[in-house]
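Enquirer: My structure is below; once you've seen it, I'll send some questions.
Chains as they are written, first to last, in my numbering: chain A, 405 to 639; chain B, 287 to 377.
Listed below in structure tokens is the structure:
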């Protein structure tokens, strides 16, 4: 094997490893996104049910549960859109991933290039959905963040409604007492919602990073067209 | 970004696939083309001397010519460098 061929093989191996790692990362992101979309929809619905039950129990009109219903509805709708977009993107990535995994090592240069072309085609086909995912994740993140903050307020207002600090109730009456239970449930819900909110915002930044990398690659690929056109015309 | 692949990407896919003689239907299936555009691409590549039509009984097969190698190599090199040049996405 000549040194030039050996170097070429090594370069293909490096590209192949980078491709595999990028494909794996994007696949994981899409999968996690699908899970979080489902969670967003489920928690949104749960918020609606809980708020309606609170209103029914109170027997009077209250603004706070109405606000919670609206936010829950928004979370459920965003979650549904989230699942649809993620599933569409995931389908294409899964196909490419399956093809890559079926290849034997070392991956031939042309087979690898074919997968790169397919990833480019996948991005061209799904760039709107990917930018929409970025938007949905940001929106979902903000909604869950607000829901989390509302839970915190709920817990704090339950404590303020009682006389004395919360720990006194918890210590004296345990977590099964009215205020202790409200406090525990509110803080637990706040922790879940704030976690989903923060992770969703992180997802949106990952989607932005992925989209930026492929946008730049498409621009670079369009620059190569002149050389390819020239080669084709010479033929 | 209306089109999924550029014409140069499609030329490359056809030329790679036709390293061994291929029938028209298998080319359009593999390269995800419809009959009309598939025929246009094959006519273009045949006209440029990158593909030759080989008669095998009643059927016509298409094969890449040695002249296609230069384009195939250039495309492979350029696209790999495009991928390598831009830092990729990693979690």
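Don't be surprised by glycine CBs; every beta carbon is placed ideally from N, CA and C.
The alpha helix (DSSP H) spanning residue 503 of chain A covers which residue range?
Expert: One-based indexing of the first chain puts residue 503 of chain A at position 99. It spans 467-506 - the alpha helix (DSSP H) in which residue 503 of chain A sits, taken as one unbroken run.
Enquirer: State the start and end residues of the unbroken beta strand (DSSP E) segment that holds residue 345 of chain B.
Expert: Sequence index remark: in the second chain, residue 345 of chain B carries index 59 (1-based). First-last of the beta strand (DSSP E) with residue 345 of chain B: 345-350.
Enquirer: Name the chain A residues that come within less than 9 Å of residue 325 of chain B, Cβ to Cβ?
Expert: One-based indexing of the second chain puts residue 325 of chain B at position 39. Simply none; closest approach about 18 Å.
Enquirer: Pull up the distance between the alpha-carbon of residue 527 of chain A and that of residue 359 of chain B, whole angstroms please.
Expert: What you label residue 527 of chain A is simply residue 123 of the first chain in a count that begins at 1. What you label residue 359 of chain B is simply residue 73 of the second chain in a count that begins at 1. Looking at the two C-alpha atoms, the distance is approximately 24 Å.
Enquirer: Based on the DSSP output, what are the partners of residue 308 of chain B in its beta bridges?
Expert: By one-based count along the second chain, residue 308 of chain B stands at place 22. Answer is B:348, bridged to residue 308 of chain B.
Enquirer: Does the beta-carbon distance from residue 448 of chain A to residue 480 of chain A come in below 7 Å?
Expert: On the first chain, position 44 is the one that residue 448 of chain A refers to. On the first chain, position 76 is the one that residue 480 of chain A refers to. In contact: residue 448 of chain A and residue 480 of chain A (Cβ atoms closer than 7 Å).
Enquirer: Over the uninterrupted beta strand (DSSP E) stretch that includes residue 341 of chain B, give me the two end residues.
Expert: Indexing the second chain from 1 puts residue 341 of chain B at position 55. Here the beta strand (DSSP E) through residue 341 of chain B covers 337-342.
Enquirer: Just to check my reading of the structure: residue 375 of chain B and residue 429 of chain A have Cβ atoms closer than 8 Å, yes? What is that Cβ distance to the nearest angstrom?
Expert: Residue mapping note: residue 375 of chain B aligns to position 89 of the second chain, counting from 1. Residue mapping note: residue 429 of chain A aligns to position 25 of the first chain, counting from 1. With 8 Å as the limit, residue 375 of chain B and residue 429 of chain A qualify as a contact, their Cβ atoms being about 6 Å apart.
Enquirer: Using the beta-carbon of each residue, which ones in chain D are nearer than 8 Å to residue 373 of chain B?
Expert: The chain labelled as chain D is not found among the protein chains of the depicted structure, namely A and B.
Enquirer: Counting only C-beta atoms, is residue 337 of chain B closer than 7 Å to chain A at any point?
Expert: As a working note, residue 337 of chain B is residue 51 in the second chain. False, the Cβ-Cβ gap to chain A never drops below 7 Å.
Enquirer: Report the neighbours of residue 329 of chain B on chain A: residues whose CB is nearer than 7 Å to its CB, in chain order.
Expert: Numbered from 1 along the second chain, position 43 holds the residue referred to as residue 329 of chain B. Those do not exist, as residue 329 of chain B stays about 14 Å from chain A at its closest Cβ, beyond 7 Å.
Enquirer: Going by beta carbon distance, what residues of the same chain come within less than 6 Å of residue 476 of chain A, once the five residues before and after it are set aside?
Expert: Residue numbering aside, residue 476 of chain A sits at position 72 when the first chain is read from its first letter. 448, 451 and 452, listed in sequence order.
Enquirer: Against chain B, which members of the region 409-438 of chain A pass a CB distance test of less than 8 Å?
Expert: Residues 415, 416, 418, 419, 422, 423, 425, 426, 429, 430, 432 and 433.
Enquirer: When you compare the CB of residue 635 of chain A with every CB in chain B, is at least one pair closer than 7 Å?
Expert: Numbered from 1 along the first chain, position 231 holds the residue referred to as residue 635 of chain A. Yes, residue 635 of chain A lies at the interface with chain B (some Cβ there is under 7 Å from its Cβ).
Enquirer: For the region 345-358 of chain B, enumerate the residues whose C-beta is nearer than 7 Å to any C-beta of chain A, in chain order.
Expert: Cβ contacts with chain A: 353, 356 and 357.
Enquirer: Note down, in chain order, every chain B residue with its Cβ under 7 Å from the Cβ of residue 500 of chain A.
Expert: Here the question's residue 500 of chain A lines up with position 96 in the first chain. Simply none; closest approach about 13 Å.
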